[in-house]
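Structure first, then comments.
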Amino acid sequence: MKQTGKRRQKRKIISERANRLSPSGIRKFFDLLASIEGVISLGVGEPDYATPWHISEAAVKSLERGYTMYTSNSGILELRQETAKYLEGIYGIKYEPVGEILMTVGVSEALDLAMRAILNPGDEVIIPDPHYVAYPSCVILAGGEPVFVPTSEKESFEVDADDIESRITPKTRAILLGYPANPTGAVMSREKLLAIADVARRHKLMVVSDEIYARLTYGVEHTCFAGLPGMQANTVLLGGFSKAYAMTGWRIGYAVAPRDIIAAMTKIHQYTIMSAPTMAQVAAIEALKSGESSVQEMVEDYNRRRMVIVKGFCDIGLSCFEPKGAFYAFPSIAVTGMTSEEFSEKLLIEERVAAVPGSAFGECGEGYIRCCYATSLADIEEALNRMERFVKKHRK
């Protein structure tokens, strides 16, 4: 074949949006974990409890009855009714089961749908940093641009309304909040949330509030953003069953919002997912009806573990912010002089303890590691023993 002297251009198959995404800093790290035996994992944000049996049994019975068909795109009506009762009972906010509630495949899908429903190309979404790994990626996949607001341990990792307002531009469309926070365990005070609500109202911004950890708080009360005065009409509230009910693998969550937003989210949902898993929806009905005592038991146990791990970190020389929610501790590793990725990799190899580098959660996470205490107390105590040896060896 005759050569033209021109190098043939490589065909571009992968989209620019996909290329912009970084691999999950959590999953990327745990590829290494899988190759090492005897590891104590403080990494994956998953309860070590099995789903309470009465919840699982409800799903089993639905299978025995042959209830394996699609549900409504929006989800089983009874589940939406129970979700509405739950939100009114806990937070005093009223949503209509038909038109204002959508059952989703976990909060992850709810977040993706919310971003795709409200963003146009180039719209900006303001996100506190550190942040859950999926937040900026969902914004990017929806054609938007994430704009980060630094938070600090000095300010208890609570985002400040003035800092948010200073980053608002004509392109700003929404504020994305996640409190109680993953990875820090921070909980926002009502006063600070009211200030953010004021900013959102004045600038006509939507607030997407990821409250998956709402039931996991310790000594403080969670404030539902949609329950703040005047904010229900401007909030997309995301919640689910994974954390409080130990139902991570069931993949069941929900979004509640004004009708026009839920209608837009439902259109996207019906073309990409159809409906959340039927058996998981049946289990979620049982969780809402009869799962409260199990939630309380788990929260009490997490609180005991929380106190042990925070004290343990401080005792071995890793200063640790006291988390007030979720089930994560976020100790500083400054005494070692290592980057968070270097610390986590060496800790895994040398002492067989898995923690997630703070850098996986944004620039403000550098200098910290995320440790999940939703594991047994025995494992937490042994992990602390191993980490004490590690810190003594590597202290500057």
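Residues in the sequence shown are numbered consecutively from 42, following the numbering used here.
The C-beta atom is built at its ideal place from N, Cα and C for all residues, glycine as well.
Enclosing beta strand (DSSP E) for residue i [first to last residue]
| i | result |
| --- | --- |
| Glu165 | 165 to 170 |
| Tyr254 | Note, Tyr254: premise wrong, no beta strand (DSSP E); not H, not E. |
| Ile209 | Unbroken run through Ile209: none, as it is neither H nor E. |
| Ile142 | 142 to 145 |
Backbone secondary structure at residue i - three-state DSSP
| i | result |
| --- | --- |
| Tyr108 | coil |
| Arg58 | helix |
| Thr264 | coil |
| Glu186 | strand |
| Ser250 | strand |
| Thr380 | coil |
| Pro177 | helix |
| Ala424 | helix |
| Arg436 | coil |
| Lys284 | coil |
| Thr45 | Note that Thr45 scores 48 on pLDDT, short of 50, meaning its location in the model is unreliable; the coordinates nonetheless yield the value given after this. The answer is coil: DSSP assigns Thr45 none of H, G, I, E or B. |
| Glu98 | helix |
Bridge-paired residues (DSSP) for residue i
| i | result |
| --- | --- |
| Thr416 | For Thr416, which the question treats as bridged, DSSP gives no partner whatsoever. |
| Ala395 | Ser82 |
| Leu278 | Ser250, Val297 |
| Ile370 | The question names Ile, yet the displayed sequence has Ala at residue 370. Ala370 is bridged to Cys412. |
| Cys361 | Pro372 |
| Pro191 | Asp170 |
Start and end residues, alpha helix (DSSP H) containing residue i
| i | result |
| --- | --- |
| Ala215 | Run containing Ala215: none in the alpha helix (DSSP H); it sits in the beta strand (DSSP E), 213 to 219. |
| Ala305 | 300 to 313 |
| Tyr440 | Any property of residue 440 remains undetermined from this structure, which presents the chain solely from 42 to 437. |
| Gly353 | 333 to 356 |
| Val240 | 231 to 243 |
| Tyr136 | Neither: Tyr136 is in no alpha helix (DSSP H) and is coded neither H nor E. |
Distance between beta carbons of residue j and residue i, contact taken as under 8 Å
| i | j | result |
| --- | --- | --- |
| Val166 | Val180 | 5 Å |
| Pro224 | Gly406 | 7 Å |
| Ala424 | Leu83 | 6 Å |
| Met320 | Ser103 | 6 Å |
| Val351 | Glu363 | 6 Å |
| Val376 | Val432 | 7 Å |
| Thr92 | Ala287 | 5 Å |
| Gly280 | Gly290 | 18 Å between Cβ atoms; not a contact. |
Residue-level contact to chain D via CB, residue i, 8 Å cutoff
| i | result |
| --- | --- |
| Gln122 | Annotation note: the requested chain D is absent from the structure, which comprises a single protein chain. |
Contact the segment 333 to 349 vs the segment 139 to 159: 3+ CB pairs below 8 Å: no
Take every Cβ of the segment 230 to 242, pair it with every Cβ of the segment 189 to 201, and state whether three or more of those distances are shorter than 8 Å. yes
Say whether the segment 400 to 417 touches the segment 350 to 369, bearing in mind that this needs 3 or more beta-carbon pairs closer than 8 Å, one atom from each stretch. yes
Cβ pair count under 8 Å reaching 3, the segment 218 to 232 against the segment 257 to 274: yes
Is the segment 184 to 197 close to the segment 239 to 252, with three or more CB pairs under 8 Å? no
Could you check whether the segment 351 to 361 touches the segment 387 to 402, counting it as contact only if at least three pairs of C-beta atoms, one from each stretch, sit closer than 8 Å? no
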